[in-house]
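Residue numbers (the working numbering), protein chains in the order written: chain A, 1 to 324; chain B, 1 to 324.
Written as structure tokens, this is what we have:
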């Protein structure tokens, strides 16, 4: 049994129920919109976020409809933000499939993302819980704040580790945090547990993004994106930030400036990646990720259901060790 | 006293309170995002939608915080959709100011629109009323459905008046309908009044869009957009649809096809506009608009407050007679 199957074990039936509700939420009678939504449904992905919602909810008892709606809400919101991110990043591919902007054009991608954002909000209202609505609305704002901060950072010449953490918290970790929080709120857990569930999610999310950024330093066909993709978009992530702030190698700084200004060639990027690797940037990012993982693991003390607890521990292991 | 001032008369103090809340909702400590939001706040516009919310709310008694939040919600949502529409339509101008995409680029415009959508949702949650949240979430979905349908219609060669009404209902009238509905719901009015307030708004909204589409046939510097702008975007509106379905003039049909395929020159568009005018398309659209106005006026029977009732009647007159 592979790791993902093991993680899903405690909520196998619940995942099926979730899938039905998700597919219903993305159904539409209009030909053109319906076609675009079906296109999105084809790339179901690994369902990491709904899985987290369902595992946390299961800890609190039999998964209720508000928790299912929370899982759908967050996955639809995530999908919306991916659709718009691909427009912003001018990406042609997503999970081995064409991006919406590549297949349907930028205009449709903007409108489809808007439709999905509103669908997420409708689903959150269906929880019947204003606290859940508020969590999602704040999350939506935070996700765009994160992307806007990243856009602004690209223009700046300063290399700032703190700004990096702030960006990945906003653009990735907060979504995982909300998976934990909404699940607990939907199940009417007490405030202390809500906080633990949120903190677990947030730290898992930090690991998830650092791991994602590490992929950018390795050539691997399993991962959808090619090496150096972030740098091509003008983004310097944790390994490079570490290397740049711990070395005054003039060539490395010059290459980093070219990345920032969008003038770096493929060779420049390859050279910078090698230099970052030689400076210990990879090991540093790994270490930081493990620190976040340790913080996440501490939160598991608040969980009682042995199957759920083990599922979440494996979930964390999967996130920090994943190959794609 | 001009007409707009007269319309605002019954809710002068309430509009000031609304402006304070709106400006607070669009404040942000982040430099870049804060700057873009300030840019948007400069173009306050005529506040047609908040004005409608406040007038309807005032009918029900002293305007409460839920109604103020509804007004902010709907204006922020409207602003979000304008920002994204300008990306989709590749517009450089909006209310005599540069569009967000023209000034900050497409990427920022997409992200800023997302931020605004989420802000609208947060404001709706602040009404403390799940019904209000649901109205807004459905509205958000409908607005994007309308834009998507319009995008799909542009590709089609059929000239269909019903499809036109459906598009303008989704992209414009439903927003006005929700102004009436949310105001009444926020003030805890009974279901019959909610329905009247919604129907008034919907019919006003139909008038608003038909009037807007009529502008496209006249050269007037007061109006932000140049003559023939809709046709340049491949859109055929009510006057042209009437002319095309009531004439088999081969030249007119050939020109309309060029508009649809985006191949029409400035001269083609000028020629088509003239032919539509000669075919009585303008008078027909005027007549249809007046029918919607009559439906709106009927709804005013449900209003008791004389100042509010007169304000709403003038509001309607303003919408059908406005020059910009």
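Beta carbons: idealized from backbone N, C-alpha and C, even for Gly.
This structure is a prediction, so every number in the text was calculated from the model and none was measured.
Contact annotation: the stretch 30–46 of chain A does not touch the stretch 153–173 of chain A, with fewer than three C-beta pairs closer than 8 Å.
Put simply, the stretch 237–257 of chain A touches the stretch 269–287 of chain A. At least three CB pairs are less than 8 Å apart.
Among the CB atoms of chain B, none fall inside 8 Å of the CB of residue 168 of chain A. With a threshold of 8 Å between beta carbons, residue 165 of chain B makes no contact with chain A.
The distance from the Cβ of residue 260 of chain B to that of residue 281 of chain B is about 17 Å, inconsistent with a contact at the 8 Å cut-off.
DSSP places residue 93 of chain A in the strand class (E or B) of the three-state scheme. Below 8 Å, enough C-beta pairs join the stretch 121–137 of chain A and the stretch 109–121 of chain B to call them touching: three or more. Cβ-Cβ distances below 6 Å link residue 102 of chain A to 92 in the same chain, with the five nearest sequence neighbours on each side left out; the list follows chain order. Residues of the stretch 116–135 of chain A with a C-beta less than 7 Å from any C-beta of chain B: 117, 118, 119, 121, 122, 125, 128, 130, 133 and 134, listed in chain order. Closer than 8 Å to the CB of residue 246 of chain A there is not a single CB belonging to chain B. For residue 98 of chain A, the pairing in a beta bridge is given by DSSP as A:93. Annotation for residue 192 of chain B: 302 place their beta carbon closer than 8 Å to its own, counting only its chain and skipping 5 residues before and after. For residue 151 of chain B, the chain A residues whose Cβ falls inside 8 Å of its Cβ are 32, 107, 108 and 111, in order along the chain. Within the stretch 273–306 of chain B, no residue places its CB atom closer than 7 Å to a CB of chain A. Below the 9 Å Cβ cutoff, chain A contributes no neighbours of residue 78 of chain B, its closest Cβ being approximately 13 Å away. For chain A, the residues of the stretch 66–98 of chain B that bring a beta carbon within less than 7 Å of one of its beta carbons are 84, 87 and 88, in chain order. Residue 45 of chain B sits away from residue 8 of chain B, with the two beta carbons spaced by 8 Å or more. One alpha carbon belongs to residue 52 of chain A, the other to residue 52 of chain B, and they sit about 43 Å apart. DSSP places residue 239 of chain A in the uninterrupted alpha helix (DSSP H) bounded by 238–245. Closest in alpha carbon position to residue 68 of chain A, among A:85, A:41 and A:125, is A:125.
The Cβ atoms of residue 167 of chain B and residue 141 of chain B do not sit closer than 8 Å to each other. The shortest C-alpha to C-alpha distance from residue 320 of chain B to any of B:84, B:27, B:63 and B:288 is the one to B:288. The residues 10, 58 and 59, in chain order, have a CB closer than 8 Å to that of residue 305 of chain B in the same chain once the five nearest residues on each side in sequence are set aside. Check the Cα spacing between residue 211 of chain A and each of A:266, A:293 and A:265: the tightest is with A:293. With a threshold of 8 Å between beta carbons, residue 212 of chain B makes no contact with chain A.
Taking a Cβ-Cβ cut-off of 8 Å, residue 102 of chain B has no neighbours in chain A, whose nearest Cβ is about 16 Å from it. Restricted to the stretch 143–225 of chain B, the alpha helix (DSSP H) segments that are unbroken, complete and at least 4 residues in length are 161–168, 174–186 and 191–215, listed in chain order. Below 8 Å, enough C-beta pairs join the stretch 69–79 of chain B and the stretch 181–192 of chain B to call them touching: three or more. Proximity to residue 3 of chain A across A:16, A:99 and A:48 peaks at A:48, based on C-alpha coordinates.
Straight-line measurement puts the Cα of residue 25 of chain B at about 30 Å from the Cα of residue 190 of chain A. Rounded to whole angstroms, the gap between the alpha carbons of residue 199 of chain B and residue 116 of chain A is 27 Å. When the Cα atoms are used, residue 63 of chain A and residue 217 of chain A turn out to be separated by approximately 40 Å.
For residue 141 of chain B, the chain A residues whose Cβ falls inside 8 Å of its Cβ are 115, 118, 119 and 122, in order along the chain.
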